[in-house]
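J.: A single structure is presented below for examination.
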Amino acid sequence: MGARIKAVHYLNQFFGQIGGEDKADTGPTRRDGAVGPGALFQRILGSEVEIVGTVICGDNYFNERMEQATEAVLSLIEGYGPELVLAGPAFNAGRYGIACGSICEAVERRLGIPAVAGMFPENPAVELYKKSVYLVGTQATTLGMKDAAQKMARLVLKLARGEPVGSPEEEGYIPRGIRKNYFAGETGAARAVEMLLRKIKGEPFITEYPMPIFDRVAPLPPVDRLGEATIALITSGGIVPMGNPDRIESSSASKFGRYDIGGVDRLTPESHETAHGGYDPTYANADPHRVLPLDVVRDLEREGVIGKLYPYYYATVGNGTSVASARTFAHEIAKDLIRDGVQAVIISST
Amino acid sequence: MAKEIERAGIPTVHICSIVPISKTVGANRIVPAIAIPHPLGDPSKSKEEEKALRRRLVEKALRALGTKIEGQKVFEED
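So the sequence lines, in the order shown, correspond to chains H and E. Its first residue numbered 9, the first sequence is counted upward by one per residue in this note's numbering. Its first residue numbered 7, the second sequence is counted upward by one per residue in this note's numbering.
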């Protein structure tokens, strides 16, 4: 009977049972053994592996000083002498996903041991880390915790044992864009003709290489005469009139609001609030300008630095909002702005 | 949203706290904000200092709108 494989689990402040958004600025700490969902992971990993320690860091703390925080977390992880690391799962939480990705990347590069994170495929961290880290695809919410833990545990054990890792479909990780060569039964020419015939007949076929989608927009030329330009304000930070009359959801927003600010110079804690459920609302509620800078933009308008502030602002909540939704909101907003001659937009996000 | 509005033909600047997310999703003009719960504020400062800070950030955003760029650009600290 060999010694148990030592593992360390990384969690954010919420899953690490320190607190919610109000504790998102907690610095890196450690606790021996498994914490929170770590208990589930330990059960699934069984007797072969022992989660000897859990390292926890606040999502804001990490994202506001990524390099320094990665170093500090890495140090705490190293202190346990682990042979494998698990991070998250972060589901659709962007800041948490970024922390998990950054840490796993550093663990693999610097400690040379396998590290596996879990997150929803639309998590913004996926684009940043999928090539360098095994990211197990999870559901968008904690309903997928058990499924995520099973897949993450299975994959990290394979890596720790040095077993060959199969395709993304087999193992449940997000495709990394890595090509593995193999000898096919038929020549490329034969396979290409076969695929073409299927395509022509309208039969299903599987591409051997999905074409990458480079969805980038070429930067527009700069605004020429700002002093004559009409500028519009948009925020994904959820600043809405008090009472959230349009009932914009605090997470996974299905809509945006368009609010009349004609003649309005200032937002107050009585007139406005934040509907966003993904950050500590205290500061935004005390002064909504901290997320939607109306006061300053009105001053600049008065001084002639900009021509005019568009008399409506747009707000939605960018917490777990799908890319598809954001795209739809933007299309609709753009129609208004084009019709009304808006020349530039400032978007503020938390 | 920044990318889609730019695609529709209106130059857009994104003042945001998590620059890597903005870059990944594809905003072209990006201005780093102060912190996640208060991107355009700082509760540790006085109201006047906060407003001055906010104004400097918005002015930087306006400068970004007025700057010709070749690809994505993060308009860092001065």
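Don't be surprised by glycine CBs; every beta carbon is placed ideally from N, CA and C. Note that the structure is predicted; figures quoted are calculated from it, not measured.
7 angstroms is my cut-off, CB to CB: does V64 of chain E come that close to chain H?
T.: yes
J.: Contact check, I36 of chain E vs F81 of chain E under 8 angstroms by CB: the rounded distance?
T.: 7 angstroms
J.: Going along chain E in order, which residues have a C-beta closer than 7 angstroms to the C-beta of Y320 of chain H?
T.: The premise fails here: Y320 of chain H is roughly 14 angstroms from chain E at the closest Cβ pair, so nothing lies under 7 angstroms.
J.: Starting from R306 of chain H, trace the alpha helix (DSSP H) in both directions and tell me its first and last residue.
T.: L302 to R310
J.: Tell me L68 of chain E's beta-bridge partners as DSSP assigns them.
T.: BP columns for L68 of chain E are empty, so no partner.
J.: Quick check on P227 of chain H - is its C-beta less than 7 angstroms from some C-beta in chain E?
T.: Yes, contact with chain E.
J.: Among H:V134, H:D40, H:L53 and H:G245, whose alpha-carbon lies nearest the alpha-carbon of G185 of chain H?
T.: H:V134
J.: Residues of the stretch 102–136 of chain H in Cβ contact with chain E at a cutoff of 7 angstroms, in chain order, please.
T.: G102, R103, I106, P132, E135 and L136
J.: For chain E, is any of its Cβ atoms less than 7 angstroms away from the one on L275 of chain H?
T.: Not flagged as an interface residue toward chain E: L275 of chain H, since no C-beta distance is shorter than 7 angstroms.
J.: With DSSP collapsed to three states, give me the class of C22 of chain E.
T.: strand
J.: Which whole-angstrom value describes the C-beta separation of I269 of chain H and K263 of chain H, a residue pair presumed to lie in contact below a C-beta threshold of 8 angstroms?
T.: The Cβ separation is near 19 angstroms, so there is no contact.
J.: Can the beta-carbon of S356 of chain H be found closer than 7 angstroms to that of T243 of chain H?
T.: yes
J.: Taking buried to mean at least 16 other C-beta atoms within 10 Å of its own C-beta, is K139 of chain H buried or exposed?
T.: exposed
J.: When Cβ atoms are compared, which residues of the stretch 13–32 of chain E fall closer than 8 angstroms to chain H?
T.: R13, A14, G15, I16, P17, T18, V19, H20, I21, C22, S23, I24, P26, I27, S28, T30, V31 and G32
J.: Rounded to whole angstroms, what's the CA-CA distance from G326 of chain H to K343 of chain H? Just pull it up for me.
T.: 20 angstroms
J.: Please check if any C-beta of chain H sits within less than 7 angstroms of the C-beta of K74 of chain E.
T.: yes
J.: According to DSSP, is E211 of chain H helix, strand or coil?
T.: coil
J.: Less than 7 angstroms between CB atoms is the rule here; does M9 of chain H satisfy it with respect to chain E?
T.: Since pLDDT at M9 of chain H reaches only 48, below the 50 mark, its modelled position is unreliable, and no value is offered.
J.: How about the stretch 142–159 of chain H and the stretch 42–50 of chain H: do they share at least three Cβ pairs that are nearer than 8 angstroms?
T.: Taking a cut-off of 8 angstroms on C-beta distances, the stretch 142–159 of chain H touches the stretch 42–50 of chain H, as three or more cross pairs fall below it.
J.: So which residues on chain E does F337 of chain H lean against when the C-beta distance must stay under 7 angstroms?
T.: By Cβ distance, chain E contributes M7.
J.: Leaving out the 5 sequence neighbours to the left and right, which residues in its chain are closer than 7 angstroms to H280 of chain H when beta-carbon positions are compared?
T.: I247, V248, P249, M250 and P296
J.: How long is the line joining the alpha carbons of D67 of chain H and A114 of chain H, rounded to whole angstroms?
T.: 17 angstroms
J.: Since E178 of chain H meets chain E, which of its residues come closer than 7 angstroms, beta carbon to beta carbon?
T.: Chain E residues near E178 of chain H: none, gap ~27 angstroms exceeds 7 angstroms.
J.: I need the straight-line Cα distance from V313 of chain H to L234 of chain H, nearest angstrom please.
T.: 7 angstroms
J.: Is there a Cβ from chain E that is less than 7 angstroms from the Cβ of S258 of chain H?
T.: no
J.: Nearest to T78 of chain H by alpha carbon, out of H:P218, H:L53, H:L204 and H:Y104?
T.: For the residues H:P218, H:L53, H:L204 and H:Y104, the minimum Cα distance to T78 of chain H belongs to H:Y104.
J.: For chain E, check one thing: does any of its Cβ atoms lie closer than 7 angstroms to the Cβ of V304 of chain H?
T.: yes
J.: So, with DSSP's three-state summary, where would you put Y318 of chain H?
T.: Three-state DSSP puts Y318 of chain H in a strand.
J.: With a cut-off of 7 angstroms, does the C-beta of A3 of chain E fall near any C-beta of chain H?
T.: A question about residue 3 of chain E goes unanswered here, because the residues of chain E that appear run from 7 up to 84.
J.: Kindly give me the distance between the Cβ atoms of L84 of chain H and A15 of chain H, rounded to whole angstroms, as I take these residues to be in contact under 8 angstroms.
T.: The Cβ separation is near 14 angstroms, so there is no contact.
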